[in-house]
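Let me begin by presenting the structure, written as structure tokens, before commenting on it.
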Amino acid sequence: MKVLLVDDEEKFVRMLARRLDLRGIQAECVYTGAEALSLVEKGEHFDVAVLDVKMPGLGGIDLRRKMGEIDPQMKFVFVTGHGSDIDYKIGANEAAFYLPKPLNIDELIKALGKVTGVSPEDTDSQH
Amino acid sequence: MTQSRHRFLGSIWPRFQQEDNGHLNQYYTFQDYRQTWGVAIFILMTTALLPLIVMTFTYYGLMETSIDTESLLRTERLASNTRRAVTFFLEERLAALSFTAREMGYDQLADPERLSEALRNLKLGFGGVTDLGVIADNGAQVAYAGPFNLEGKDYSSQPWFMECRRHGACVSETFSGYRDIPHIVVAVKSVRADGQFFILRATIETERLIQALKSYKVGHHTDIFLTNREGLFQTPSQFYAGESSNLNIPVPSYSDRTQALLSTDRNGQPIVVSYAFINTNIVPTPFILMVVKQKVGMMKVWLDLRTNINWFFGVSAVIIAIVIILTSTFMVNKIFQADRQKAETMALAEQNCQLASVGQLAAGVAHEINNPLALINETAGYVKDLFLIKKQYKEDPELVEHFDSIIEAVNRCGAITGQLLGFARRFDVHTQPINLKDLVSDVLNFHKKEAEYRDIAIHLDIPEDLPLIETDRGKLQQIVLNLVNNAFQAIDDGCCLDIQAETDGTDKVRLAIGDNGCGITKEHLKKVFEPFFTTKKEGKGTGLGLSITYGLVKKLHGDITVQSKPGEGTTFTITLPIQPQKEMS
Chain E
1 MKVLLVDDEE KFVRMLARRL DLRGIQAECV YTGAEALSLV EKGEHFDVAV LDVKMPGLGG
61 IDLRRKMGEI DPQMKFVFVT GHGSDIDYKI GANEAAFYLP KPLNIDELIK ALGKVTGVSP
121 EDTDSQH
Chain U
1001 MTQSRHRFLG SIWPRFQQED NGHLNQYYTF QDYRQTWGVA IFILMTTALL PLIVMTFTYY
1061 GLMETSIDTE SLLRTERLAS NTRRAVTFFL EERLAALSFT AREMGYDQLA DPERLSEALR
1121 NLKLGFGGVT DLGVIADNGA QVAYAGPFNL EGKDYSSQPW FMECRRHGAC VSETFSGYRD
1181 IPHIVVAVKS VRADGQFFIL RATIETERLI QALKSYKVGH HTDIFLTNRE GLFQTPSQFY
1241 AGESSNLNIP VPSYSDRTQA LLSTDRNGQP IVVSYAFINT NIVPTPFILM VVKQKVGMMK
1301 VWLDLRTNIN WFFGVSAVII AIVIILTSTF MVNKIFQADR QKAETMALAE QNCQLASVGQ
1361 LAAGVAHEIN NPLALINETA GYVKDLFLIK KQYKEDPELV EHFDSIIEAV NRCGAITGQL
1421 LGFARRFDVH TQPINLKDLV SDVLNFHKKE AEYRDIAIHL DIPEDLPLIE TDRGKLQQIV
1481 LNLVNNAFQA IDDGCCLDIQ AETDGTDKVR LAIGDNGCGI TKEHLKKVFE PFFTTKKEGK
1541 GTGLGLSITY GLVKKLHGDI TVQSKPGEGT TFTITLPIQP QKEMS
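As given, the protein sequences belong to chains E and U, one line each in that order. Going by the numbering used here, the first residue of the first sequence is number 1, and it counts up by one from there. Going by the numbering used here, the first residue of the second sequence is number 1001, and it counts up by one from there.
And the structure:
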């Protein structure tokens, strides 16, 4: 499973990537929406993109639409520090999962598994 | 009875009570409603009554002018007619004497028998002739016919004799003479055969003249009389009789024609006077004919009409004034109430605005905290992951425990910021299924610490199987928070708070929040949901908490009631529909 992490909080994304890596999930970090978009435009394929909703410049919602147009196979999980769990569920039309910050790593992996249809245990070979 | 009286007085003299004690002053459009009310009444009264007053007085003025003109004209006509009658009366007698003197001549008239015959004829012809005398040019009466023996009497010093000698005829003023009967002397001069003159004199009773004058009188308010040129009455006056023999009004200056003028007599009565100097075609007389009409009498019809008009005007003015006052009071009161409502709404809006900005601030802070929290979480998680990989650390339960406590602390912080954000969003409108128990627990979490410090026991009795309510989360959270806050402020340390919920029928849920605190007195109980009502010290409470709560419950199509007994406690009960009704705004 190849995951793209997009968040303007650089340290946070790097930590998250390392933790996912430890769990056998390959994750690439980018820190702006534009960067992420250019990666996809170059033809690189990711199974899932984990997007921060609020970012300077290109935000998560717009980014998801643009990337979805380029690569219709790509799945999305949203992450944001703005709001409680229930609030995301209210407007949950944009993506399958909204997760509040601070993240629970197990929930993230569960969500990744669900959107891609791959069981996390399948990729957990290194752990 | 007293209440209706009170209401009536209120509609005449409104009080414009500003029960908020100046709280809302800055939001009122008009500051001084008493003044606005006064100005409104003044303007309406002026525009309604001023034209009426001006028209009425103009009408009175015109009417009086026309009445004056009319009465002057009528009085003058009457005087003119009477003057003709009096002149004719005198001319007739002068002509008769002239005729007798020429016809009979001095010689015959000097014969007492013939003179008596002439007197008889004159009496037959005119009546009222008392006697007849022939006076020689030296003034001695040579012959006399009549009831007195006046033969030989010398008249040479009498004014009428001298006037007659000068003018050829004369009419004397009235005098009473020997018999105390008012009469006048009429005399004509004639020439004897020897060229000397003689005078034929007749005494005429004035009674006939008075009767003639009387016949012209119309109504009680007309007086017709004769005066001499000094103003002495020559015939009796109805108005001025007995007061003095002098005329009560100034003697008019001489005029050939009949004159009329407006005047006041010495009693201060307004009168119309018309006068004419009586001149016969033979000789001028000392008489002035006076016709006096009292204005009061002539204007009686008009004055009666004016009294009626005045009454009508007065009553109309009073009715107009009452209607204006009632209307103004009603309208200004309506404006005042609308303004007060506006002021209250604006105050509430401002309060809400403040709450909203506090909410935004909280949301901003929560968001800012969430990012570093996420970093701590991931870093701690990563470090924990690294340690768990190595076998020597994996066996150390204390180490894992430390990491878990960091992660747990982060999760607690995350829960708090989540709640804060939840509160900040209470201004958005979302209908969503709510688990009442979770929501109340969320709210109680905010008070957990305070309850512990103050040793307040909280009994939460909400059944697990209570149906989910479709409603607005933020609003319901605020309602519960407000009521719990309120209860915490009302109870002493060591008291308890009871929160119960149950279904009410099939479509409603009832939530009761009760305390055993100080309670609310009966008169305060009626006002607890009114805006700006507070029993707290000034500056301590806004008095808006429960009114906002009330508004929110109503917005959720629910109902809120309160039961309280002073000293025993208070219970607020909210009833909410399980399914949303219509559209919430």
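Where a beta carbon is used, it is the ideal one built from N, C-alpha and C, also for glycine. Predicted, not measured: the structure shown is a model, and the values here were computed from it.
Alpha-carbon to alpha-carbon, residue j and residue i
i, j, result
"residue 1484 of chain U", "residue 102 of chain E", "30 Å"
"residue 1549 of chain U", "residue 1558 of chain U", "11 Å"
"residue 1112 of chain U", "residue 1276 of chain U", "39 Å"
"residue 111 of chain E", "residue 1394 of chain U", "27 Å"
"residue 1403 of chain U", "residue 68 of chain E", "38 Å"
"residue 1415 of chain U", "residue 1442 of chain U", "10 Å"
"residue 1119 of chain U", "residue 1304 of chain U", "55 Å"
"residue 1272 of chain U", "residue 1287 of chain U", "19 Å"
"residue 1093 of chain U", "residue 1148 of chain U", "21 Å"
"residue 1563 of chain U", "residue 1571 of chain U", "5 Å"
"residue 93 of chain E", "residue 32 of chain E", "The pLDDT assigned to residue 93 of chain E is 43, lower than 50, so where the model puts this residue is not dependable; a value taken from the coordinates is nonetheless given after this. Rounded to whole angstroms, residue 93 of chain E to residue 32 of chain E spans 23 Å at the Cα level."
"residue 1517 of chain U", "residue 1511 of chain U", "19 Å"
"residue 1009 of chain U", "residue 1326 of chain U", "10 Å"
"residue 1376 of chain U", "residue 53 of chain E", "20 Å"
"residue 1401 of chain U", "residue 104 of chain E", "17 Å"
"residue 1412 of chain U", "residue 1028 of chain U", "47 Å"
"residue 1432 of chain U", "residue 1445 of chain U", "22 Å"
"residue 50 of chain E", "residue 1490 of chain U", "49 Å"
"residue 1053 of chain U", "residue 1318 of chain U", "13 Å"
"residue 1476 of chain U", "residue 1509 of chain U", "13 Å"
"residue 1192 of chain U", "residue 1279 of chain U", "27 Å"
Close Cβ partners of residue i (< 8 Å) along its chain, the five nearest in sequence each way excluded
i, result
"residue 1324 of chain U", "1041, 1044, 1045, 1048"
"residue 1251 of chain U", "1227, 1229, 1230, 1231, 1288"
"residue 1239 of chain U", "1223, 1248, 1265, 1292, 1294"
is_contact[residue i, chain E] using C-beta, thresh 9 Å
i, result
"residue 1395 of chain U", "no"
"residue 1382 of chain U", "yes"
"residue 1024 of chain U", "no"
"residue 1327 of chain U", "no"
"residue 1572 of chain U", "no"
"residue 1561 of chain U", "no"
"residue 1410 of chain U", "yes"
"residue 1546 of chain U", "no"
"residue 1404 of chain U", "no"
"residue 1588 of chain U", "Outside the displayed span of chain U (1001 to 1585) sits residue 1588 of chain U, for which this structure offers no information."
"residue 1471 of chain U", "no"
Minimum Cβ-Cβ distance from residue i to chain U less than 9 Å
i, result
"residue 110 of chain E", "no"
"residue 16 of chain E", "yes"
"residue 97 of chain E", "no"
"residue 133 of chain E", "What the structure shows of chain E is the stretch from 1 to 127, and residue 133 of chain E is not part of that stretch, so it cannot be assessed."
"residue 87 of chain E", "With a pLDDT of 45 at residue 87 of chain E, under the threshold of 50, the modelled position of this residue cannot be trusted; read the value that follows with caution. Output row for residue 87 of chain E: interface = yes."
"residue 101 of chain E", "yes"
"residue 105 of chain E", "yes"
"residue 81 of chain E", "yes"
"residue 94 of chain E", "Its pLDDT being 45, under 50, residue 94 of chain E is placed unreliably in this model, and the value from its coordinates should be taken loosely. Answer no: the Cβ-Cβ gap between residue 94 of chain E and chain U never drops below 9 Å."
"residue 9 of chain E", "yes"
"residue 4 of chain E", "no"
Contacts around residue i, its chain only, beta-carbon distance under 6 Å, and the 5 residues preceding and following it disregarded
i, result
"residue 1101 of chain U", "1188, 1190, 1200"
"residue 1407 of chain U", "1380"
"residue 1329 of chain U", "1011, 1014"
"residue 1024 of chain U", "1343, 1347"
"residue 47 of chain E", "1, 2, 116"
"residue 1567 of chain U", "1519"
"residue 1270 of chain U", "1264, 1295"
Integer Cβ distance of residue i from residue j, believed to fall under 8 Å
i, j, result
"residue 1456 of chain U", "residue 1493 of chain U", "7 Å"
"residue 1556 of chain U", "residue 1471 of chain U", "5 Å"
"residue 1145 of chain U", "residue 1116 of chain U", "4 Å"
"residue 28 of chain E", "residue 63 of chain E", "No, residue 28 of chain E and residue 63 of chain E are not in contact; Cβ-Cβ is about 15 Å, not under 8 Å."
"residue 1374 of chain U", "residue 107 of chain E", "Going by Cβ atoms, the distance from residue 1374 of chain U to residue 107 of chain E rounds to 13 Å, so no, they are not a contact pair."
Own chain partners of residue i with C-beta closer than 7 Å, once the 5 adjacent residues on each side are dropped
i, result
"residue 34 of chain E", "57, 58"
"residue 1163 of chain U", "1170"
"residue 1435 of chain U", "1468"
"residue 1486 of chain U", "1545, 1546"
inquiry  = I'd like to know if the region 1079-1096 of chain U and the region 1289-1306 of chain U are in contact, where contact means that at least 3 CB-CB pairs between them fall below 8 Å.
reply    = Touching, yes, given that three or more Cβ pairs across the two stretches are closer than 8 Å.
task = Would you be able to state if there are at least three C-beta pairs under 8 Å between the region 1173-1180 of chain U and the region 1051-1067 of chain U?
result = No: fewer than three Cβ pairs fall under 8 Å.
task = Pair every Cβ in the region 1124-1144 of chain U with every Cβ in the region 1215-1228 of chain U, then say whether three or more of these pairs are closer than 8 Å.
result = With a cut-off of 8 Å, the region 1215-1228 of chain U and the region 1124-1144 of chain U do not count as touching, because too few Cβ pairs lie within range.
ask   = Are the region 1345-1352 of chain U and the region 1364-1374 of chain U touching, with three or more C-beta to C-beta distances below 8 Å?
value = No: the two stretches stay apart, fewer than three of their Cβ pairs being nearer than 8 Å.
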